[in-house]
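Written out below as structure tokens is the structure these notes cover.
In our numbering, the protein residues as written are 107 to 541.
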């Protein structure tokens, strides 16, 4: 952004400072400080800005260099590059043996929780937290910035935590540490006092909360694992009954593989197309005739899929109808109906088949065993459920507001009743005036 660069350069020159370390360009595609490490870093990147213009360069670095580059932990969604800036900073931290680094970056609320387990955002949070780099997050007052009134959060990240902070993350609620400005500047209506001009020293207060590292009204302290969870897939067995009825035959005729029998992709040769359609229509009728055989139509409702499959194959064989496997499966499903009293469907190896319509997902705290969670929360309600462990994913999120939620009791019913009666009287007076 040429304008931002010019403003920055002007500010530096007014202060009598040089521009040697101020570079014009894109930090993602042109890392002018790729060979440098820093003791401290501060950043206030734009909120919710997409990185589509740089995506080819960034994806290539991610895929080819992995953790040898800047973006090994993962890539966020294309419409918010916040975590790219943080990974860029982390790549410039000194090794702990060299004194380490402490950095801070201002985010909006999105990086705290956006992205499910296994997503780029969640993987980046997991990487930072499991490496024990996230030291604290400070919730700042809203309406601090000129061009937006949204709430913002200051992340403090370091690889040189003090001993008593290791394995811990401190959350600080500083949303009430502000004074109102006499005159707003755009969206900026609040400011954090620094003790000058008779204003409270909010900065000192927030700093003290951070330094004391003690739980209280504005501070919560958690173990790293408290923000992790396991996203589990809860399956239930597929149970189907089967029958040949007018209603289910109607579903057979609506099944796409069945409908496609009487269609043709030939466009130029109309004669061949008509012949294909006629052959397909004849096949459709043969299938319906086979399904109308006595062995199927008189069998009633069958609650065992293997038993019905044998009957269905036999009916087609006796009728001389050869049905391709995809079409056979479509017919079988069209003649089925979910039934909790039916026998469980299994595959050729005897494994229970899951019912995709009954599939559910649960977030289990990382600090809890999945088996214990299932026994307490799931199995009492659905005893036949199980977890598909191959689909379990670990995720991390920080639901900041949950930890500082303050319950506000509703007004007493008596007060509400008085207000309602007052409103009723006011409405009555208005109606009298209209008459």
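Think of the CB as a built atom: it goes at the ideal place given N, C-alpha and C, for glycine as much as any other residue.
Reduced DSSP category for residue i - H, G, I as helix; E, B as strand; rest coil
i, result
"residue 358", "helix"
"residue 509", "helix"
"residue 155", "coil"
"residue 250", "coil"
"residue 202", "helix"
"residue 150", "coil"
"residue 284", "coil"
"residue 447", "coil"
"residue 460", "strand"
"residue 343", "strand"
"residue 239", "coil"
"residue 425", "helix"
"residue 519", "helix"
"residue 181", "coil"
"residue 370", "coil"
"residue 528", "helix"
"residue 452", "strand"
"residue 232", "helix"
"residue 322", "strand"
"residue 590", "Only positions 107 to 541 of the chain appear in this structure, which leaves residue 590 out of reach."
"residue 408", "strand"
"residue 351", "coil"
"residue 289", "strand"
"residue 328", "strand"
"residue 245", "strand"
"residue 337", "strand"
"residue 130", "coil"
Buried versus exposed call for residue i [16 or more other C-beta atoms within 10 Å across all chains shown]
i, result
"residue 279", "buried"
"residue 413", "exposed"
"residue 519", "exposed"
"residue 252", "exposed"
"residue 360", "exposed"
"residue 176", "buried"
"residue 448", "buried"
"residue 369", "exposed"
"residue 320", "exposed"
"residue 125", "exposed"
"residue 173", "exposed"
"residue 122", "exposed"
"residue 193", "buried"
"residue 514", "exposed"
"residue 109", "exposed"
"residue 402", "buried"
"residue 167", "buried"
"residue 120", "exposed"
Segment limits, alpha helix (DSSP H) that includes residue i
i, result
"residue 550", "The structure shown does not extend to residue 550, since the chain spans only 107 to 541, so no value can be given for it."
"residue 219", "216 to 219"
"residue 137", "Note, residue 137: premise wrong, no alpha helix (DSSP H); not H, not E."
"residue 318", "308 to 318"
"residue 390", "376 to 397"
"residue 435", "431 to 440"
"residue 192", "188 to 196"
Integer Cβ distance of residue i from residue j, believed to fall under 8 Å
i, j, result
"residue 440", "residue 421", "Contact flag wrong, Cβ pair sits at about 15 Å."
"residue 156", "residue 136", "Going by Cβ atoms, the distance from residue 156 to residue 136 rounds to 19 Å, so no, they are not a contact pair."
"residue 458", "residue 343", "5 Å"
"residue 390", "residue 367", "5 Å"
"residue 468", "residue 340", "6 Å"
"residue 473", "residue 338", "Contact doesn't hold; Cβ gap of about 15 Å is too wide."
"residue 502", "residue 228", "6 Å"
"residue 444", "residue 345", "7 Å"
Cut-off 8 Å between Cβ atoms - residues of its own chain near residue i, not counting five sequence neighbours on either side
i, result
"residue 309", "298, 299, 300 and 301"
"residue 287", "294, 295, 296 and 297"
"residue 250", "258, 284, 294, 296, 297 and 298"
"residue 465", "339, 340, 341 and 342"
Same chain only: Cβ atoms within 6 Å of residue i, ignoring 5 sequence neighbours per side
i, result
"residue 138", "129"
"residue 230", "179, 180 and 189"
"residue 210", "148, 260 and 262"
"residue 386", "367 and 368"
"residue 244", "260, 278 and 280"
"residue 479", "470"
Sequence-distant residues of the same chain with beta carbon closer than 7 Å to residue i, five excluded per side
i, result
"residue 216", "154, 186 and 188"
"residue 265", "199, 202, 206, 207 and 239"
"residue 267", "238 and 241"
"residue 234", "240 and 263"
"residue 332", "473"
"residue 433", "363 and 364"
Terminal residues of the beta strand (DSSP E) in which residue i lies
i, result
"residue 471", "466 to 471"
"residue 481", "Where residue 481 is concerned, there is no enclosing beta strand (DSSP E), given that its DSSP letter is neither H nor E."
"residue 112", "Looking at the DSSP string, residue 112 is not in any beta strand (DSSP E); the run it does join, the alpha helix (DSSP H), is 108 to 120."
"residue 496", "First-last for residue 496: undefined, no H or E at that position."
"residue 295", "294 to 297"
"residue 70", "With the chain represented from 107 up to 541, any question about residue 70 goes unanswered, as that position is not in the structure."
"residue 211", "208 to 213"
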